[in-house]
Amino acid sequence: MFENLSQRLGKVFDRLRGRGALSEGDVDEALREVRLALLEADVALSVVKTFIAGVRLRAIGQEVIKSVTPGQMVVKIVHDHLVETLGSTASEINLRAVPPVPILMVGLQGSGKTTTTAKLALRLTQKDRKKVLMASLDTRRPAAQEQLRVLGEQTGVATLEIVAGQGPVDIAHRAMERGRVEGFDVVLLDTAGRLSIDDELMGEAAAIRDATRPAETLLVVDAMTGQDAVTVATNFNEKIGVTGIVMTRVDGDARGGAALSMRAVTGRPIKLIGLGEKVDALDVFHPDRIAGRILGMGDIVGLVEKAAETVEKEEAEKLARKVQKGEFDLDDMASQLRQLRKMGGLGGVMGMLPGIQKVKAQLDSARVDDRVIKRQEAIIGSMTKAERRDVKLLNANRRRRIAAGSGTSVEDVNRLVKQYMEMARMMKQVSKLGQKGLMRTGIANLFRR
Amino acid sequence: MASWFQRLKTGLARTTTRLVDSIGAALGRKRVDAATLDELEEALIAADLGPSVAAKLVAKLRQRKWDGEVEVDTVKRALADDIAAILAPVAVPFAIDPTRRPHVTLVVGVNGSGKTTTIGKFAERLGREGRKVVIAAGDTFRAAAVAQLEIWASRAGAECIRGADGSDPAALAYQALERAQTIGADALLIDTAGRLHNKADLMAELQKLIRVLRKRDASAPHRILLVLDATTGQNAIQQVEIFKQLVEIDGLILTKLDGSARGGVLVAIAERFALPVVAVGVGESADDLAAFDPKQFADALLGVGT
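Below, the structure written as structure tokens:
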């Protein structure tokens, strides 16, 4: 349903090919598509309007570089403007204060505050060599304090003892006191989830802020948040004062327009992003990647990183060595298929590739899905070791046996063999590209039939 | 029931204020012209209905040929009726089938959508109706999720089956079903760990849980409910689509409607998937789980009186 912005603009500009400068009419027509793309990505309406006005100013009269189409030109202008609006440089956590430095975590229920608190604590401990204390001020959700205590155990970060019946402000005081006495560098204060329109709870958060004077007040927001992001960010900023934003669940497939909305209405930087369930899955914010995502242009860097994270390094190196010697066999192909599945299957990988939406639709209609990959693994699994090493052994008889063994047809086996040959040929060509190049070409090749 | 509606209304009233403000502003001039309709469309987008559904609804409104001066309320009424008409077929209240003992409900969703709280509320409600309830604390991944559910279970007078942290949720679900059968429980509610729909491994884990349950009772689970957060934007559509593809979702629950988010994406979802909406969450206590009333939802969304 989310069509690539470049494709959309391509349609608009198809008839404009070859013109010199972007006229007002061209730009306006293109910007209608941009507007729609941003809205589908959950960028708040008010922010979309301001943003579009900014792009319009920049785009009109702009010379179209020879090598690109007007559509691509507009996409580039939009992309650049988006990166600038999101903040072009990464922003660090501010620890410039007298230790223990208090950091306050706030946000709606279920946005991921507690998990983020543990991730941040681990990051500050490992990367910045800080002595960190975590304290849960969430006295409302059942077992919330217990959750942080367990996370403390998992990460090896100290947590404040739980005293039943104590209120949030008192807990905050106690945390700061212990921080001072025991010489902690940073005290992370995890608060209860609260609605931005709940005056009582917002007042409580403000009281915690006044009691601790935090160096950072981080607003934790789910990347899937819709139009409400503006209300949430505005209210939290006005009532508590936000110094930075943490976006969670960026490892999902939401387009993340909320990032732009919040940045635009609060002017506060997005400092960190949450990328998974593991306690080390926290990263600094890269505006260009989120920009690409919001526009539906894919996230190449994310794909490569995901590949690197999923593919066992050893296995990849072994593969690289074999390929260099021209020894890519069916076992290696099976291992690539397995890795592809682990990366979230075709769907998961394709979502990250730019301009792939069209291909994806074709694959959907051709019913090429993850079952195909599984079936191919089964076919290879039904071969003997010797056959897997030397594909030339596969005569008609053997192919029939393999088809029967894997519950497929001889045509399926033939198709796999053909695909393997094609891959092996490609592998030879790219072997000099090294490990990363190999991996990418290998995967790209799997999409061909 | 009345108190639920009241709560839903107060919850939605807050939700509605801004939308109503913008629609009120849009219709101040009392002539339904193109600009008015555009502003109306934007108000719908701001309520998370999504650009395409908003455009469709407004196109329908445009076709009505408004002549001359029109009351603001008339246009809003028409829009609310259109939205209620889309939602009407999907309003199916949660009820357990007494012929199934225990009636097995599996609750799934992305992280932080409110699964555990929803289960707690359901348990308490069923407990009050005098039903015997067993809860399976199937979120063995998130730290202390089990402890959270145990507190709910004790409030509801339900038995809570738990495993060690990090244990296999499928085995735990099986064990809970066994226990529920042994004690002759009316309902078994199975909580699951939050999972993003694009994580293949975690979705496979969910499929396994269902397979394992069926070894004990071939008809289980009798209902699989997907919990959606009203704060979520257009990604909710993606969530429904993928969860539905991989496990047979029978119904939806929209939580956190007491916030400032309007949950308008539900309209798009209703149009596209026609999945029943069995309940909405409008607060943190057990009474804050209300039956989904489309007319009230649409009316409250647009701030028109009933």
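Protein sequences, first through last, are from chains Z and F. Numbering of the first sequence is given in this note's numbering, commencing with residue -15 and proceeding in unit increments. Numbering of the second sequence is given in this note's numbering, commencing with residue -15 and proceeding in unit increments. The C-beta atom is built at its ideal place from N, Cα and C for all residues, glycine as well.
Residue i burial status per 10 Å Cβ neighbour count (16 or more: buried)
| i | result |
| --- | --- |
| Z:A14 | buried |
| F:Q47 | exposed |
| F:T77 | Checking the displayed sequence, the identity of residue 77 of chain F turns out to be Pro instead of Thr. Label assigned to F:P77: exposed. |
| F:A30 | buried |
| Z:M405 | exposed |
| Z:P84 | buried |
| F:A202 | exposed |
| Z:R125 | buried |
| F:D272 | buried |
| Z:K255 | buried |
| Z:T99 | buried |
| Z:V165 | exposed |
| F:E134 | buried |
As assigned by DSSP and simplified to three states, the class of residue i
| i | result |
| --- | --- |
| F:A258 | coil |
| Z:L92 | coil |
| Z:P152 | helix |
| F:S36 | helix |
| Z:L15 | helix |
| F:P153 | helix |
| F:A248 | One point to set straight first is that residue 248 of chain F is Gly, not Ala, in the sequence displayed. Here F:G248 sits in coil by DSSP. |
| Z:K255 | strand |
| F:R207 | strand |
| Z:P83 | coil |
| Z:I181 | coil |
| Z:V356 | helix |
| Z:S390 | helix |
| F:I135 | helix |
| F:D234 | coil |
| Z:A5 | strand |
| Z:M246 | helix |
| F:V266 | coil |
| Z:R30 | The sequence given here places Ser at residue 30 of chain Z; Arg does not occur at that position. In this structure, Z:S30 counts as helix in the three-state DSSP scheme. |
| F:A18 | helix |
| F:A274 | strand |
| Z:A238 | coil |
| Z:E361 | helix |
| F:L180 | coil |
| Z:I44 | coil |
| Z:D316 | helix |
| Z:E145 | coil |
Whole-number beta carbon distance between residue j and residue i, since they are thought to touch under 8 Å
| i | j | result |
| --- | --- | --- |
| F:A252 | F:G34 | 5 Å |
| F:G297 | Z:L92 | Residue numbering for chain F in the displayed model covers -15 to 290; residue 297 of chain F lies beyond these limits and cannot be assessed. |
| F:G93 | F:L212 | 7 Å |
| Z:A159 | Z:A119 | 4 Å |
| F:L90 | F:I208 | 5 Å |
| Z:A275 | Z:T34 | Going by Cβ atoms, the distance from Z:A275 to Z:T34 rounds to 16 Å, so no, they are not a contact pair. |
| F:L172 | F:V224 | In fact, because the Cβ distance is near 24 Å, the residues do not count as touching under 8 Å. |
| F:R146 | F:A121 | 4 Å |
| Z:V205 | Z:A156 | About 22 Å separates the two Cβ atoms, so there is no contact after all. |
| Z:K103 | Z:L266 | 4 Å |
Residue interval of the alpha helix (DSSP H) (run including residue i)
| i | result |
| --- | --- |
| F:H87 | From DSSP, F:H87 is part of no alpha helix (DSSP H) but of the beta strand (DSSP E) over 87 to 93. |
| Z:D169 | Neither: Z:D169 is in no alpha helix (DSSP H) and is coded neither H nor E. |
| Z:L202 | Careful: Z:L202 lies outside any alpha helix (DSSP H), inside the beta strand (DSSP E) at 200 to 206. |
| F:D185 | 184 to 200 |
| F:A107 | 99 to 112 |
| Z:A370 | 369 to 373 |
Span of the beta strand (DSSP E) around residue i
| i | result |
| --- | --- |
| Z:L66 | Taken as a continuous stretch (DSSP letters only), Z:L66 belongs to no beta strand (DSSP E), being part of the alpha helix (DSSP H) at 54 to 70. |
| Z:G228 | 228 to 232 |
| Z:D267 | 266 to 268 |
| Z:L279 | Premise fails: Z:L279 is in no beta strand (DSSP E) and is neither H nor E. |
| Z:V116 | 116 to 120 |
| F:L173 | 171 to 174 |
Proximity test, residue i beta-carbon vs the ligand SAH heavy atom, cut-off 6 Å
| i | result |
| --- | --- |
| Z:I181 | Questions concerning the ligand SAH fall outside what the structure shown contains, since it holds no ligand whatsoever. |
Checklist line | Short-range partners of chain Z found in the stretch 228 to 242 of chain F, where Cβ spacing is below 9 Å | finding: T239, K240, D242
### Task
Check each residue of the stretch 77 to 100 of chain Z: if its Cβ is closer than 7 Å to any Cβ of chain F, include it; give the result in chain order.
L92, Q93, G94, S95, G96
Quiz item: Along the stretch 176 to 206 of chain Z, what residues have a CB closer than 7 Å to any CB found in chain F?
Solution: L179, S180, I181, D206
* To do: Quick one: which residues of the stretch 196 to 220 of chain F get their C-beta closer than 9 Å to a C-beta of chain Z? List them in chain order.
  => D213, A214, T215, T216, G217, Q218, N219, A220
Practice task
Using a Cβ-Cβ cut-off of less than 8 Å, list which residues of the stretch 66 to 96 of chain F approach chain Z; keep chain order.
Solution key: V94, N95, G96
**OP:** Name, going along the chain, the residues of the stretch 175 to 190 of chain F whose beta-carbon falls closer than 7 Å to a beta-carbon of chain Z.
**Re:** L180, N182, K183, A184
Requested in this report: Compile a chain-ordered list of the residues in the stretch -1 to 33 of chain Z whose CB is closer than 7 Å to at least one CB of chain F.
Outcome: L20, L23, E24, D26, L29
Inset, instruction - Could you list the residues in the stretch 19 to 35 of chain F with a C-beta less than 8 Å from some C-beta on chain Z, going in chain order? - result: E26, I29, A30, A31, D32, G34, P35
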